[in-house]
Every structure is written in C-alpha cells, then in structure tokens.
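K.L.:
I'd like to ask you about the structure that follows.
Residue numbers (our numbering): 6 to 78.
Structure, rendered in structure tokens:
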C-alpha cells in the first residue's frame, strides 16, 4: 500500500464518525425560552414595554442630570 493510501484511510474513518447521527436525550420537550407564554398579544405588550422602558432610562437620567445642574432649558 502506498503512503498516500495509508494516510487517507484514518481521515475517511474520522469523516464517517463525524457524520454519525446525534444522540438525543430524553429530557422531554425542548424549550429555548425559560418561561411560558400562551397569549402572544400579552407577551408582545410585555416585551415592548420592557424594551421601551430600557431604552428611555438613559434619556431620563440625562435629563435629570442636566436639570439638576440647571443646564436644561
């Protein structure tokens, strides 16, 4: 057997091993969100309020700091 043929054999074995089917665990239904949401409208409203509140915090803080130092008009 040539040197190239012998060196390619282990590579083929690694490739075959990599294509094996993944092992599936028996942990039940997989959920990527750590909480349950049944009503999508309510969930959307909560997410929107959370994001809007988080976005406005720096602006409120800046306004407060400027008004505290009489820098705001």
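Positions of the beta carbon are idealized from the N, C-alpha and C atoms, including for glycine.
This one's a predicted model, so the numbers in the text were calculated from it and none came from an experiment.
Distance, Cα to Cα, residue 34 vs residue 40?
P.N.:
Distance between the alpha carbons of residue 34 and residue 40 is about 13 Å.
K.L.:
Using the three-state DSSP reduction, which class does residue 74 fall into: helix, strand or coil?
P.N.:
Coil.
K.L.:
Measuring only the C-alpha atoms, how far is residue 73 from residue 65?
P.N.:
Answer to the nearest angstrom: the Cα atoms are 12 Å apart.
K.L.:
Where residue 49 and residue 70 are concerned, what is the direct C-alpha to C-alpha distance, given to the nearest angstrom?
P.N.:
Each residue's alpha carbon lies about 32 Å from the other.
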